[in-house]
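A short write-up of the structure that comes next.
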Amino acid sequence: MTAGELIVSAMQAEQVGAAFGLVGTHVVEIYEALRQAPDIRHVTSKHEGNATLMADAYSRLSGKTSVCFSTAGPGLLNSLAGIGQAYASYSPTIHISGSLPRGAPRRSLHALDREDYTVKALAHLTKLSVRPGTLAELAAVLPRCFAAAKGAEPGPVHIEIPWDLMMARPGRIPAYRPRPARRVTSRGIPPSLARKLRAARRPLFCIDTLCIRSGLLEDVIALAEFHGAMMVVSYDAFGAVPSRHPLNAGVLSDFYFGTAALEATGRADFIAGFGVLANSESERLIRQHAKVRPILADGWDLQSWRQQGALGAIAPVMAGKGKKPWFARRCHGEWRKAVAKLARPRPRAAMHFGRAMLNLAGRIGPDTTVILDAGSHEIWARAVLPSFGVLSVIGSGNWGGMGYALPGLIGARIAHPERRAVAITGDGCLLMSMADLCTLASVGGPAVMVVMNNAMYGEIKRVQLARFGASHEIGIPALDFARIAESFGLRGIRVEREGALDAAFAEAFASPDPVIVDVVCGGDVAFPALP
Ligand SMILES: Cc1ncc(C[n+]2csc(CCOP(=O)(O)OP(=O)(O)O)c2C)c(N)n1
Ligand SMILES: [Mg+2]
Numbered sequence: 001m002t003a004g005e006l007i008v009s010a011m012q013a014e015q016v017g018a019a020f021g022l023v024g025t026h027v028v029e030i031y032e033a034l035r036q037a038p039d040i041r042h043v044t045s046k047h048e049g050n051a052t053l054m055a056d057a058y059s060r061l062s063g064k065t066s067v068c069f070s071t072a073g074p075g076l077l078n079s080l081a082g083i084g085q086a087y088a089s090y091s092p093t094i095h096i097s098g099s100l101p102r103g104a105p106r107r108s109l110h111a112l113d114r115e116d117y118t119v120k121a122l123a124h125l126t127k128l129s130v131r132p133g134t135l136a137e138l139a140a141v142l143p144r145c146f147a148a149a150k151g152a153e154p155g156p157v158h159i160e161i162p163w164d165l166m167m168a169r170p171g172r173i174p175a176y177r178p179r180p181a182r183r184v185t186s187r188g189i190p191p192s193l194a195r196k197l198r199a200a201r202r203p204l205f206c207i208d209t210l211c212i213r214s215g216l217l218e219d220v221i222a223l224a225e226f227h228g229a230m231m232v233v234s235y236d237a238f239g240a241v242p243s244r245h246p247l248n249a250g251v252l253s254d255f256y257f258g259t260a261a262l263e264a265t266g267r268a269d270f271i272a273g274f275g276v277l278a279n280s281e282s283e284r285l286i287r288q289h290a291k292v293r294p295i296l297a298d299g300w301d302l303q304s305w306r307q308q309g310a311l312g313a314i315a316p317v318m319a320g321k322g323k324k325p326w327f328a329r330r331c332h333g334e335w336r337k338a339v340a341k342l343a344r345p346r347p348r349a350a351m352h353f354g355r356a357m358l359n360l361a362g363r364i365g366p367d368t369t370v371i372l373d374a375g376s377h378e379i380w381a382r383a384v385l386p387s388f389g390v391l392s393v394i395g396s397g398n399w400g401g402m403g404y405a406l407p408g409l410i411g412a413r414i415a416h417p418e419r420r421a422v423a424i425t426g427d428g429c430l431l432m433s434m435a436d437l438c439t440l441a442s443v444g445g446p447a448v449m450v451v452m453n454n455a456m457y458g459e460i461k462r463v464q465l466a467r468f469g470a471s472h473e474i475g476i477p478a479l480d481f482a483r484i485a486e487s488f489g490l491r492g493i494r495v496e497r498e499g500a501l502d503a504a505f506a507e508a509f510a511s512p513d514p515v516i517v518d519v520v521c522g523g524d525v526a527f528p529a530l531p
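In the numbering used here, the protein residues as written are 1 to 531.
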């Protein structure tokens, strides 16, 4: 086996769902092995950064490990922000790159001063970053890498293959054997959790991303329903609890959202955090607002509880508790009215973000996955669009990287071809990722991309005005994204008046192929007070 064949056989044994990447001299051996393995779905992105974001979205939505390929040096380093995204969202993604040969001269192709600069650069962005020197070392480290990527606190892993190893003569390698998941039986549910939950009159659960990754989300929601525990979700886990769920107390955040969630946290007499890490943003918010000491479960706790079936076991103890919500997220209905008022049609004024999102909201159903980006369009989307649970919405979240929506849309199409995928992006965000419009065209399927086109980095204008009363360097040329989309072989629809929204969205949502809806908006960057 060559190094490339070994990698591909590991991917097959690990049942990797999909691969994303871009070819290069230092990875042609892997691509040759991939050519011989038509069972592996590979999507070529036009930029490594987008490839890693596609992998992130794919893994988050499918729960399966994905693999990304990039060439040495600049190819790998192009993908850094996407690997950061995968780290932030606990995505099991494996990033395999080519690399300099051992003993490479300084300043040769893709080289700087040290031959190991990339493996070191990736160390802080991954769960594991390795540079095996021989086929035997590669064979030994691959199962470790896959196990690290999908552990109790999953995340990206980097493996780089020195060029001399990539080009080495085939060697005899024993068949690949995946490592079984580590059993963690040492961590039981603290007895105080069951006891305090039983005694509580105003229980509250906080749900963070690791709760989703642990596979326990459904059990946690069932437990909340059983005990009438209100649920708050972190900014990253947004959408995990359906927006209309009677026990949903909103998003735990003091940045844009949080009025309701922070109030509920302050009133709760029992708090359990599922997937809440020590020193995390969620922990900070709970500690800052709670009157009681929370019980927090990290990824290892949750893995252990799942392996022991422990959560189900504590439910009967609580039999007989009332299930009625103890907290009314008052603002929801009132707030919808406020949005409608704020975003009242102004026939002569430019279209308002809120109006476009309200129109879109009625078209989003449980079979839709919404992919968010970063900017004021994102805040409006989070505020106005409904969510229906864990598959219904993803975005760059607290990582906050612009340019997630387009690669995220492609990842979503591959992860769940049966679901409609709708991306909401801004003109600034789309300009960062736009090269993969042609990839979207080739992947195809029902995908709607809504571009909130306000000819500016609106969110930054909002921040500048709030801080300095003036803005600077926030303009973007007025672009026609419908025409741009068409030049990439996609259907593009331009909407310049509110009256044209209905027909545009109706056509886009009825289409079996991707459609870009370029919504020309005014410069509104104000937000309603969010629940
Ligand atoms: C990679 C990256 N660069 C810069 C930023 C800072 N930033 C956050 S939102 C934003 C503006 C986004 O512009 P656009 O997509 O047009 O959205 P709008 O706010 O206008 O709706 C910028 C520059 C970021 N979050 N990520
Ligand atoms: Mg903009």
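Just so it is clear, CB atoms sit at the ideal spot from N, CA and C, and this is done for glycine as well.
Burial is judged here by how many other beta carbons sit within 10 angstroms of a residue's own beta carbon; D436 has at least 16 and is buried. Contact annotation: R494 and D518 have beta-carbon atoms nearer than 7 Å. Secondary structure note for E160: its beta strand (DSSP E) is the uninterrupted segment 157-162.
The shortest C-alpha to C-alpha distance from I295 to any of E283, S304, Q288, G400 is the one to E283. These are the residues, in chain order, with a beta carbon less than 6 Å from any non-hydrogen atom of ligand 1: A374, G375, S376, H377, G400, G401, M402, G426, D427, G428, C429, M452, N454, M456, Y457, G458, E459, I460.
Taken in chain order, the unbroken stretches of beta strand (DSSP E) that lie wholly in the stretch 32-111 and span 3 residues or more are 42-44, 66-70, 93-99. For C211, the uninterrupted alpha helix (DSSP H) segment begins and ends at 209-213. With respect to the C-alpha of P386, the residue from A328, V370, P38 having the closest C-alpha is V370. By DSSP's assignment, S471 forms no beta bridge with any residue. Boundaries for T368: no alpha helix (DSSP H) harbours it, while the beta strand (DSSP E) harbouring it runs 368-371, taken from the DSSP string. Just so you know, the alpha carbons of Q36 and Q85 end up roughly 31 Å apart.
For a cut-off of 8 Å, the C-beta gap from T52 to L22 is around 11 Å, too long to register as a contact. In the three-state DSSP reduction, P203 falls in the strand class (E or B). Residue environment for F257: buried (at least 16 other C-beta atoms within 10 angstroms of its C-beta). Taking R363 as the centre and dropping the five residues before and after it, the same chain places the C-beta of F505, F509 closer than 7 Å to its C-beta, in chain order.
A direct Cα-to-Cα measurement between L440 and Y58 gives close to 14 Å.
Residues C521, G523 of the same chain have their beta carbon placed closer than 6 Å to that of N454, with the five preceding and five following residues left out of the count. Taking a 10 Å sphere around the C-beta of P154, we find 16 or more other C-beta atoms and assign the residue as buried. Secondary structure at I173: coil, using DSSP grouped into helix, strand and coil. Taking C-beta atoms as the reference points, Q307 and R183 count as a pair closer than 7 Å. In this structure, D39 keeps its C-beta atom at 7 Å or more from the C-beta atom of S91.
Under a 10 Å Cβ-count criterion, G354 is classified as buried, with 16 or more other Cβ atoms of the shown protein chains found around its own Cβ. G444 sits exposed, since fewer than 16 C-beta atoms from the chains shown fall within 10 Å of its C-beta. Close CB contacts of T25 within its chain, under the 7 Å cut and outside five residues either way in sequence, are with T71 (chain order). By the CB criterion at 7 Å, V451 and F488 fall outside the cutoff. Taking all protein chains in view, the Cβ of G312 is surrounded by fewer than 16 other Cβ atoms within 10 Å, so the residue is classified as exposed. The alpha-carbon of A421 is positioned some 28 Å away from that of A152.
In this structure, DSSP gives D518 an extended state, which the three-state scheme calls strand.
According to the DSSP assignment, F270 belongs to the beta strand (DSSP E) that extends over 270-274. Minimum Cα-Cα distance from R202 among the listed residues D254, A268, S214, S129 corresponds to A268. Remark: C-beta atoms of A237 and T259 do not approach each other more closely than 7 Å. Residue burial annotation: S234 is buried, with at least 16 other C-beta atoms found within 10 angstroms of its C-beta. Put simply, the backbone Cα of H47 is about 27 Å away from that of T368. Counted as a single uninterrupted DSSP element, the stretch harbouring G21 is not any alpha helix (DSSP H) but the beta strand (DSSP E) occupying residues 18-21. For P246, the closest C-alpha among the options F327, E281, H289 is that of F327.
When C-alpha distances from V157 are compared across P170, S79, L142, H95, the shortest belongs to H95.
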